[in-house]
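Mapping to the numbering used here: the sequence shown position 20 is 104, numbers consecutive. Built from N, CA and C at the ideal position, the CB exists for glycine as well. Keep in mind that this is a model prediction, so the values were computed, not measured. Data first, discussion second: the structure below is written as structure tokens.
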Amino acid sequence: MARLRKERPPTASEQLEALLGYPWPFPGRPPKHDLSTWTVTDDWSEHIPVTEAEVDVFEAWFGDLFDELFGPYR
């Protein structure tokens, strides 16, 4: 008995090529990223207001991770 083969769905690159009419990535040299020209700025205030609801969300989702990193809450 012959098995039916499922056709695999096209990859994202194949879909993009079909839409654009030419292959992705674009031909040519990729841009150079010179990290020495990057500037990092910190314009946050010294104290960031956080609500109780926000703390509850973080404790619910990341409580086990926080306990592992910092020890259990006393």
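Do residue i and residue j have their CB atoms nearer than 8 Å?
i	j	result
residue 108	residue 97	yes
For residue i, which residues in the same chain have their Cβ closer than 8 Å to its Cβ, ignoring the five residues on either side in sequence?
i	result
residue 143	150
residue 102	94
Would the beta-carbon of residue i be found less than 7 Å away from any heavy atom of the ligand GTP?
i	result
residue 147	You won't find the ligand GTP in this model; it holds no ligand whatsoever.
Write down every uninterrupted run of the alpha helix (DSSP H) in the segment 89-130 whose length is 4 residues or greater and which is fully enclosed by it, in chain order. 96-104
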